[in-house]
Amino acid sequence: MAPTREMSLETKERIVKLLEEGNSSRMVAKDVGCSQSAVSKIWTKYKQHGMVVKAKRTGRPRKTSKRQDKQLKMKHKREEAGANVCDRTVRNRLKEMGFQYRKAKRKPSLTPKHKRTRLQWAKERQSWTVDDWMKVIFSDESRICIGQGDDAGTFVWCRSSEIYEEACLKKTTKFPQSLMIWGCMSGKGTGEMTVVNSSINAQVYIDILDSFLIPSIEQMFGDNEIIFQDDNASCHRAKTVKAFLGERHIQSMSWPANSPDLNPIENLWWKLKKMVHKKAPTCKADLATATKESWHQIDAEYCLSLIKSMPQRLKAVIKAKGGATKY
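Next comes the structure, spelled out in structure tokens:
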């Protein structure tokens, strides 16, 4: 059945006026062009409320905002204009309004729950100073590949007829050789780093912490208390891992999911991969050697600058209400 059109407020007011003048519902229905039952319903509601009641809107909720409606109108006008409005004109008008055509930033997907957790986490620590963050040791795993670290692309000078010549190509491999590494850092510099040759489960992770985290803490902090950060990977949150950290009196920091922008070691990985790429390793053994050499070449000043950015990172998360940031 097709939906009936909503009667206007003016028509309802006319129905009430005609009935008050003593006209029958049949005559009123014929006059305004509706059914007798509709006239009776309007009269009944009028007597109940003492006024003509506007019916509530039925149907599906509106899907577009006023701004989106305006954009649709602009698009429609552009289509109506046809050849008079070309793509270049549209781009020029968008630039005049402050828009720029940019490559979309790659960021983790954040659900409303993720955003709430990130916002709460940042607010709880917004009063922390750089000295407070100097007591935190950050850790993470990362995969490093041969040829990685050249994300910006390679530019060459060549004629149009030479673009496919050997010297003008950036060569790729379908399955590049890679290594999984674990490392840690703080405002005092880099800690230990190791190549992980197996998949990481709870026991493998405990062995990594025992062999590399504990020496890093002793080297950088001595007997001073520290806070240990790692993400929410299942092997990191295993009961045996929590028990290991508890036995060694290491305080673990809670961490919001999907938040690499809050971990300064992510910036350190980026720098490390750039350094390894410059060494141009050609096999897995060379990759491991280049990675270890590059790790030890990262200076403490760089690590300190990353830790000093923590208050700004938190401010950015709070400003974005838990959303993505530039970090």
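When the letters of the sequence shown are read in order and numbered with the UniProt record's numbering, they come out as residues 1 to 327.
Cβ coordinates follow ideal geometry from the N, Cα and C atoms, glycine included.
C-beta contact flag for residue i and residue j at 9 Å
i	j	result
ILE217	ILE208	no
ASP231	ALA324	no
ARG272	SER294	In the sequence on display, residue 272 carries Leu and not Arg. In contact: LEU272 and SER294 (Cβ atoms closer than 9 Å).
GLY187	THR194	no
SER40	SER25	yes
GLN229	PHE138	yes
LEU287	GLN177	yes
residue 339	ILE298	With the chain represented from 1 up to 327, any question about residue 339 goes unanswered, as that position is not in the structure.
VAL130	ILE307	yes
LYS115	GLY322	yes
THR173	HIS296	no
VAL196	LEU179	yes
residue 330	ALA290	This structure cannot speak to residue 330, because the chain is shown only from 1 to 327.
SER211	GLU192	yes
Alpha carbon of residue i to alpha carbon of residue j, nearest angstrom
i	j	result
ALA316	GLY50	55 Å
GLU20	TYR46	11 Å
ARG135	PHE221	Strictly speaking, residue 135 in this sequence is Lys, with Arg absent from that position. In a straight line, the C-alpha of LYS135 is about 8 Å away from that of PHE221.
GLN48	LEU119	50 Å
LYS259	ALA104	Checking the sequence, you will find Ser at residue 259 rather than Lys. Distance between the alpha carbons of SER259 and ALA104 is about 18 Å.
ARG67	ILE15	38 Å
VAL32	THR11	7 Å
LEU213	THR111	32 Å
PRO311	GLU225	21 Å
LYS70	LYS95	18 Å
LYS292	ARG62	58 Å
LEU169	ARG159	13 Å
PRO281	ARG88	45 Å
PHE155	LYS123	44 Å
MET74	VAL90	11 Å
SER65	MET97	20 Å
LYS326	TYR302	18 Å
ILE227	TRP157	51 Å
SER254	ARG237	10 Å
ASP132	SER109	29 Å
MET185	ALA300	9 Å
ASP223	TRP270	31 Å
residue 391	ARG93	The requested residue 391 does not occur in the structure, where the chain is confined to residues 1 to 327.
ALA233	GLN100	37 Å
GLU165	ASN263	42 Å
GLU167	ILE181	Note that residue 167 is Ala in the sequence shown, not Glu. Roughly 33 Å between the two C-alpha positions.
LYS171	ILE163	13 Å
LYS113	PRO215	37 Å
ARG102	ALA38	57 Å
6 Å Cβ shell around residue i - same chain, five flanking residues per side excluded
i	result
TRP121	PRO256
TRP43	LEU19
LEU245	SER252
LYS284	GLN177
CYS235	ILE200, ASN201, ALA202, TYR205
LEU304	GLY187
TRP128	none
Contact set for residue i: own chain, Cβ-Cβ below 8 Å, skip 5 residues either direction
i	result
THR117	PRO256, ALA257, GLY322
residue 328	Given that the chain is displayed from residue 1 to residue 327, the structure contains no residue 328 and the question cannot be resolved.
SER35	ALA29
residue 328	Past the boundaries of the shown model lies residue 328; the chain is included only from 1 to 327, so the question cannot be answered.
ALA320	none
PHE175	none
Close-in-space but distant-in-sequence residues of the same chain around residue i (CB under 7 Å, 5 per side omitted)
i	result
SER198	VAL204
ALA243	none
VAL52	LEU9, LYS12, GLU13, VAL16, TYR46
Beta carbon proximity, residue i to chain C, threshold 9 Å
i	result
ALA202	Given the protein chain composition of this structure (a single chain), no chain C is represented.
Exercise. Is there contact here, the segment 140-148 with the segment 250-257, by at least three beta-carbon pairs under 8 Å?
Worked result: no
For this session: Can you check the UniProt domain "Tc1-like transposase DDE" (136-281) for any beta strand (DSSP E) of at least 3 residues that lies completely inside it and give the ranges in chain order?
Result: 136-145, 178-186, 189-196, 227-229
For this session: Could I get the ranges of all uninterrupted alpha helix (DSSP H) runs contained in the segment 97-143, with 4 residues as the minimum, in chain order?
Result: 112-124, 130-133
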